[in-house]
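Notes follow the structure.
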Amino acid sequence: MKLLSWLLTAVGCLVAWTVHAQPLVVASTTSTEQSGLFGHLLPRFRQATGIEVKVVALGTGQAIDMARRGDADVLFVHDQAAEERFVAEGWGVQRLEVMYNDFVLVGPKTDPAGVRGRDIVEALRKVAAAGAPFVSRGDRSGTHAAELRFWAQAGRPEPGWSGYRPCGCGMGAALNMAAATAAYVLTDRGTWLNFKNRADLAVLVEGDPRLFNPYGVIRVNPERHPHVKTAAAQAFVDWITGPMGQAAIASYRIGGEAAFFPSARR
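Quick note on numbering: the sequence shown equals residues -21 to -1, 1 to 245 in mature numbering (1 follows the signal peptide of the UniProt record, and there is no 0).
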């Protein structure tokens, strides 16, 4: 009897240890990873909580699909309309604001399409009118969703000319492609600041209020996926929207420039 009791206790401890040892899975965007932000945040979160985190960086649409399947515990992305739909459909528990930065249009310093300025919609009209090379993420990411909104506002809901090149790739790869082909491309500022292979690219359009780029965090709903790590997910949400996480976001700099700005409202 004592042996059976000991075995049951040992098995229980092993199960508890296994569950605790499994990392929290955060489905996020390529911009949060390729900007270097997670490399800055996660050691601080681990030190504060003891929780290990595995980030799966995808386009926002793919990250949302992953969370909808229950393959992630937390969603941390930047397409507010899609995030709110995810919560409304019951897949997530409350979208919370975390931070923001902005999108910028980069292109060759010589600016052959003459887009330089503050108006993103007029800039895209000029790119299309000139038939200039343009690299699109083409991957259902938050950046791709923003780009499509701007094209629609520019009267081109289905952009397509010989120079329009959807790559179906992450932000870093899209920037590399633009640098190699002297093309225009829409990018989040954080990834641009951390991008080293700029060649002849420069920021040409910035400062348009429509380029505002908010990020939200959402716990995956345990009522839909009972296996998700609810306690660890809540700890992550509480930390990143709380004073320590917000201060960590504010302190992240690339070349002395802020890459993201905390925006949590508690």
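Positions of the beta carbon are idealized from the N, C-alpha and C atoms, including for glycine.
From a predicted model like this one, the values you see are computed outputs, not experimental measurements.
So, under 8 angstroms CB-CB, L165 and A125 are touching, yes? Tell me the CB distance rounded to an integer number of Å.
Contact between L165 and A125 holds, since their C-beta atoms are separated by about 7 angstroms, short of 8 angstroms.
What are the start and end residues of each continuous alpha helix (DSSP H) run of 4 or more residues lying completely inside the region 94 to 121, in chain order?
99 to 109
According to DSSP, simplified to helix, strand and coil, what is F239?
coil
Are the CB atoms of F65 and I99 nearer to each other than 7 angstroms?
The answer is no: Cβ separation not under 7 angstroms.
In three-state terms, what does DSSP make of E126?
helix
Taking the alpha-carbon positions, what's the F239 to G40 distance?
21 angstroms
For the 8 angstroms Cβ check, are there 3 or more pairs between the region 86 to 105 and the region 196 to 212?
no
With a threshold of 6 angstroms on Cβ separation, who are the neighbours of Q225 within its own chain once the five nearest residues in sequence on each side are excluded?
Closer than 6 angstroms at Cβ, skipping near neighbours: P241 and A243.
Could you compute how far the alpha carbon of I233 sits from the alpha carbon of L172?
If you draw a straight line from the Cα of I233 to the Cα of L172, it comes to about 6 angstroms.
State the Cα-Cα distance for the pair V216 and Q73, rounded to the nearest angstrom.
10 angstroms
Please tell me whether R128 and G186 are closer than 7 angstroms, where the distance is taken between their beta carbons.
Against a cut-off of 7 angstroms, the Cβ pair of G186 and R128 comes out as no contact.
Check whether the region 85 to 97 and the region 167 to 182 touch, using three or more Cβ-Cβ pairs below 8 angstroms as the test.
yes
So, does the region 114 to 122 touch the region 149 to 166, judging by three or more C-beta pairs under 8 angstroms?
yes
State yes or no: is the C-beta of V53 within less than 7 angstroms of the C-beta of A212?
yes
Using DSSP with H/G/I as helix, E/B as strand and the rest coil, what is residue 247?
Missing from the structure shown is residue 247; the chain here goes from -21 to 245 and no further.
Secondary structure at F174, three-state DSSP: helix, strand or coil?
coil
Please determine, among M45, K175, R25 and K208, the residue with the shortest C-alpha to C-alpha distance to T8.
Selection M45, K175, R25 and K208 evaluated against T8 yields M45 as nearest (Cα-Cα).
Go ahead and label A157 buried or exposed: buried means 16 or more other beta carbons lie within 10 angstroms of its beta carbon, across all protein chains shown.
buried
So who's on the other strand from M78, going by DSSP bridges?
Y194 and P241
Leaving out five residues before and five after A227 in sequence, what residues of the same chain have Cβ atoms less than 6 angstroms from its Cβ?
L20 and R23
Please state whether DSSP places R232 in a helix, a strand or coil.
strand
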